[in-house]
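In order, the protein sequence lines correspond to chains P and E. If you count by my numbering, then the first sequence holds residues 1 to 571, one letter each, in order. If you count by my numbering, then the second sequence holds residues 1001 to 1057, one letter each, in order.
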Amino acid sequence: MSALDWAVLFGTLAAIVAYGIWKTRGPSSMTDYVHGGYRDRWLTIGLGVMATQASAITFLSMPGQAYEDGMRFVQFYFGLPIAMVILSVAFIPRFYRLRVLTAYEYLEGRFDLKTRQLAALLFLLQRGLSAGITIYAPAIVLSKVLGWPLNLTCVAIGALVILYTVAGGTRAVSQTQKQQMVVMLGGMVVAFVVIVHKLPADLSFRHAVSLAGTLGKMNVVDFSPALGNRYTFWSGLTGGGFLAMAYFGTDQSQVQRYLSARSVTESRLGLLFNGLLKVPMQFLILFVGVMVFVFYQFNAPPLFFNEAELARVARTSRAPEMQALEVEHRLAFAKKRVEVLRLAAALDAGDAPTITDARSRVRAAAAATETVREKTRALIAAAVPRPEIHDGDYVFLSFVMANLPRGLIGLLLAVILCAAMSSTASELTALGGCTVVDFYRRSFRQDATDAHYLRVAKIATGVWGMLAVAFAGFASLVDNLIQAVNILGSLFYGTILGIFLAAFFFRRLRATPVFVAAIVSELLVVGLWLATRIGFLWFNVIGCGAVLLLSSLLNASDFGRNSTQTTEPSP
Amino acid sequence: MATGTKQGGGAGTNLDAARAELDDAPPFLSWRAIYLIVLGALAVEILLGAALTLALS
């Protein structure tokens, strides 16, 4: 990396952190630390919830996902705007009326302590594990740039994020997320423009998109009803909608963001702003990946984007096989490039039969290059211990480092690190805040001062940060980071959402039936995940539906008749 | 009352009215119209996506 890149990278990060420290100087309270107080306007809320959701994984993994699998991942977000409307109508006013610090507090008033702490525990479990993956993603970047060992980089990034979070809490996070979001969106727009500019001069943008479509990358909407198909219109609208409702409505890392708004109105507008912008933003990020794919139809890509794995193979006795594969890959790419150029010329000429013929030739040539990549994966799997055979998370980073001009590399790395800071900081404050409010203050020490709870919340945040670093050590075992985070969320969110929907809309349900139904539903979801091939988004629907159905049945059979609360808690 | 909720939450609608954070007046039009704008934008995005898929795949 050049000196200019380092200057852009550290200049951007230092300016944002300095602004956050300056804006949040002065004494803090537990309310400030957990949800920042009732101060923020809708734009801060909207950008904050977007920045919290957009982790480094979003910018590393999504372009790689589009490179391999096309645009279809965008359907995952189709349910999000609907979820934002439902949350605005049903969730926000309830949370505000009770002035809760965490979402789970609401459940004690409606049901009982055990149901509140079960929901909080499920949140801590899934968010604690996810935080490990969100630390791992930027560690990939820096370990590649600095040449540090990956585990050491995880520890270094974890330590930095813990310091930043413990020092500022939610208030600092929300003050800096606006700037981080501007850097993130601006960086991706600049990357998109540069990539399109780097395509061959005689290839029009329309033909570049057409080429991507020929190779199956413009699969934006799929109406097929297959349950095993992970990303379809139906799974996105229902499963994605349930996941978004659960994530934004019951995950403390998001609830704390919009509870920092100065009023119900500002909070609603922030969420609806997210509902309006989310699908176009994700479309842009995926489309960047598709354009990187088109770029690599004209310029030779590496044999395998995770070059560290290739280097490991090169140090074994299988190195000659890898060299042979590199030669085979170069030849296959050269043949494919000829066919791609032929297709581009046919598209220019507009001759339909020639275009059809050229398209089938391009597809055959692409299949040949993919075969070489498959052989490479098999070789890596056979040659080295604990192999990483999926390189999708490295596609965008590899492209940026090899092809973007000086200065822009620093900016794109700043995008990735901003995303890491904003989402991890939100997660850690939520984990620390929930631990103190829902467990320590509620069940262990109820009479301490605000300063004491603030101190314990900061310690809990630090401990969760260290656990997240430890979990990050296992993140390399997953195929695709963004899928791993969403699978993890889907295993827990359906159950948590079911508990909240039971609390909001089923007034006759008692505490114990809901508590038992939640435990059984969670076991059911995990069992289905282990035993079946159902697309993960459906687990949100299944978990939620199972809680509502089972609790209704148990309730009707007089199970847990001694449960106390049956009505909406009063403020 | 949810045990463990933040101190200062009063009971009843009179105190609710005095709490500025409970303001839920729409900034323009009505909340229903704002929700329709958000959902309408989603419908347009899905239609455009379906058209792109149909035209290019």
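A virtual CB, placed ideally from N, CA and C, is assigned to each residue, including glycine. Quick caveat: nothing in here was measured; it's all calculated off a predicted structure.
Checklist line | Chain-ordered neighbours of Y96 (chain P) on chain E, where CB pairs are closer than 8 Å | finding: Residue 96 (chain P) sits at position 96 when you count from the first residue of the first sequence. Within chain E, the residues near Y96 (chain P) are E1021, L1022.
Item checked: Delimiting residues of the alpha helix (DSSP H) encompassing F76 (chain P) -> One-based indexing of the first sequence puts residue 76 (chain P) at position 76. Segment: none, F76 (chain P) is in no alpha helix (DSSP H) and carries neither H nor E.
Note to self: If we define contact as Cβ-Cβ less than 7 Å, is L129 (chain P) a contact residue for chain E?
What the structure shows: What you label residue 129 (chain P) is simply residue 129 of the first sequence in a count that begins at 1. Closer than 7 Å: no.
Check: L1048 (chain E) to M281 (chain P), Cα distance in whole Å?
Finding: By 1-based counting over the second sequence, the position of residue 1048 (chain E) is 48. By 1-based counting over the first sequence, the position of residue 281 (chain P) is 281. Computed Cα separation, rounded: 15 Å.
Notebook entry, point to check: Looking at the C-beta of G983 (chain E), does it have a partner C-beta in chain P at a distance below 7 Å?
Noted result: Because chain E spans 1001 through 1057 in this model, residue 983 (chain E) falls outside it and cannot be assessed.
Next item on the list: For chain P, find out if any of its Cβ atoms is closer than 7 Å to the Cβ of A1050 (chain E); answer yes or no.
Entry: The residue given as residue 1050 (chain E) occupies position 50 in the second sequence. Under the 7 Å criterion on CB atoms, A1050 (chain E) is classed as interfacial with respect to chain P.
Note to self: So, with DSSP's three-state summary, where would you put D202 (chain P)?
What the structure shows: Here the question's residue 202 (chain P) lines up with position 202 in the first sequence. It is coil, neither helix nor strand.
Notebook entry, point to check: Going by the CB atoms, is the gap between K217 (chain P) and F298 (chain P) shorter than 7 Å?
Noted result: The count along the first sequence starts at 1 and reaches residue 298 (chain P) at position 298. The count along the first sequence starts at 1 and reaches residue 217 (chain P) at position 217. No, Cβ-Cβ distance for F298 (chain P) and K217 (chain P) is not below 7 Å.
Checklist line | Any chain P beta carbon closer than 7 Å to A1043 (chain E) | finding: Here residue 1043 (chain E) is taken as the residue at index 43 of the second sequence, counted from 1. Not one chain P Cβ lies under 7 Å of A1043 (chain E).
Next item on the list: Could you spell out the range, first to last residue, of the alpha helix (DSSP H) harbouring E1021 (chain E)?
Entry: Counting from one through the second sequence, the residue named residue 1021 (chain E) turns up at place 21. E1021 (chain E): not part of any alpha helix (DSSP H); DSSP gives it neither H nor E.
Note to self: Here's the rule I'm using: 16 or more other beta-carbon atoms within 10 Å means buried, otherwise exposed. How should F572 (chain P) be labelled?
What the structure shows: With chain P represented from 1 up to 571, any question about residue 572 (chain P) goes unanswered, as that position is not in the structure.
Check: From E:A1050, E:L1056, E:A1055, pick the residue whose C-alpha is nearest to that of T232 (chain P); which is it?
Finding: Residue mapping note: residue 232 (chain P) aligns to position 232 of the first sequence, counting from 1. Minimum Cα distance to T232 (chain P) is reached at E:A1050.
Margin query: Counting only beta-carbon separations shorter than 7 Å, does A1025 (chain E) have a partner in chain P?
Written below: For this step, residue 1025 (chain E) is matched to residue 25 along the second sequence. For A1025 (chain E), the nearest CB of chain P lies under 7 Å from its own CB, placing it at the interface with that chain.
Next item on the list: Identify every residue that forms a DSSP beta bridge with A261 (chain P).
Entry: Within the first sequence, residue 261 (chain P) is the residue found at index 261, counting from 1. In the DSSP secondary-structure assignment, A261 (chain P) is bridged to P:D40.
Next item on the list: Return the Cβ separation of P138 (chain P) and I355 (chain P) in integer angstroms, given the expectation that the two are a contact with Cβ distance under 8 Å.
Entry: Reading the first sequence from its first residue, position 138 is the one you call residue 138 (chain P). Reading the first sequence from its first residue, position 355 is the one you call residue 355 (chain P). A Cβ-Cβ distance of about 43 Å is found for the pair P138 (chain P) and I355 (chain P), leaving them out of contact under the 8 Å criterion.
Notebook entry, point to check: Do you know offhand how far L237 (chain P)'s Cα is from G1040 (chain E)'s?
Noted result: Counting from one through the first sequence, the residue named residue 237 (chain P) turns up at place 237. Counting from one through the second sequence, the residue named residue 1040 (chain E) turns up at place 40. In a straight line, the C-alpha of L237 (chain P) is about 14 Å away from that of G1040 (chain E).
Next item on the list: Please look up how many angstroms separate the CB atoms of V541 (chain P) and G239 (chain P), rounded, as I've assumed it's under 8 Å.
Entry: Locating residue 541 (chain P) in the first sequence gives position 541, where the first residue counts as 1. Locating residue 239 (chain P) in the first sequence gives position 239, where the first residue counts as 1. Correct: roughly 6 Å between the Cβ atoms.
Margin query: Quick check: what's the CA-CA separation for A414 (chain P) versus L272 (chain P)?
Written below: Counted from its first residue, the first sequence places residue 414 (chain P) at position 414. Counted from its first residue, the first sequence places residue 272 (chain P) at position 272. Take the alpha-carbon of A414 (chain P) and the one of L272 (chain P): they are about 27 Å apart.
Checklist line | Every unbroken alpha helix (DSSP H) within the region 341-401 of chain P, with a cutoff of 4 residues, ordered by chain | finding: DSSP runs (the alpha helix (DSSP H)) wholly in the region 341-401 of chain P: 352-383.
Next item on the list: Consider the Cβ of P81 (chain P): report whether some Cβ of chain E lies at a distance smaller than 7 Å.
Entry: Against the first sequence, residue 81 (chain P) aligns to sequence position 81. Yes, its Cβ sits closer than 7 Å to a Cβ of chain E.
Note to self: Is the beta carbon of A66 (chain P) closer than 7 Å to that of A419 (chain P)?
What the structure shows: Taking the first residue of the first sequence as 1, we reach residue 419 (chain P) at position 419. Taking the first residue of the first sequence as 1, we reach residue 66 (chain P) at position 66. In this structure, the beta-carbon distance from A419 (chain P) to A66 (chain P) does not fall below 7 Å.
Notebook entry, point to check: Near F10 (chain P), what residues of its chain come up, given a Cβ to Cβ distance below 7 Å and the 5 sequence neighbours on each side ignored?
Noted result: For this step, residue 10 (chain P) is matched to residue 10 along the first sequence. Once the five neighbours on either side are set aside, F10 (chain P) has no close Cβ partner at all.
Notebook entry, point to check: DSSP three-state call for G407 (chain P): helix, strand or coil?
Noted result: Within the first sequence, the letter at position 407 stands for residue 407 (chain P). Residue state, collapsed to three classes: coil.
Item checked: Chain-ordered neighbours of S1057 (chain E) on chain P, where CB pairs are closer than 8 Å -> In the second sequence, the residue the question calls residue 1057 (chain E) occupies position 57. In chain order, G213, G216, M218, N219 make up the part of chain P whose C-beta sits under 8 Å from the C-beta of S1057 (chain E).
Margin query: I believe N219 (chain P) touches G70 (chain P) by the beta-carbon criterion, under 8 Å. Please report the beta-carbon distance rounded to the nearest angstrom.
Written below: Looking up residue 219 (chain P) in the first sequence gives position 219. Looking up residue 70 (chain P) in the first sequence gives position 70. A Cβ-Cβ separation of about 4 Å places N219 (chain P) in contact with G70 (chain P) under the 8 Å criterion.
Item checked: Start and end residues, alpha helix (DSSP H) containing V516 (chain P) -> As a working note, residue 516 (chain P) is residue 516 in the first sequence. Note, V516 (chain P): alpha helix (DSSP H), 511-531.
Next item on the list: Leaving aside the five residues before and after D391 (chain P) along the sequence, list all residues of the same chain whose C-beta is less than 6 Å from its C-beta, in chain order.
Entry: One-based indexing of the first sequence puts residue 391 (chain P) at position 391. Exclusion of the five residues before and after D391 (chain P) leaves F304, F305, N306 as the residues of its chain whose Cβ lies within less than 6 Å of its Cβ.
Next item on the list: For V49 (chain P), decide whether its Cβ has a neighbour in chain E, counting only Cβ atoms nearer than 7 Å.
Entry: The residue you call residue 49 (chain P) lines up with position 49 of the first sequence. It does not; no Cβ of chain E falls within 7 Å.
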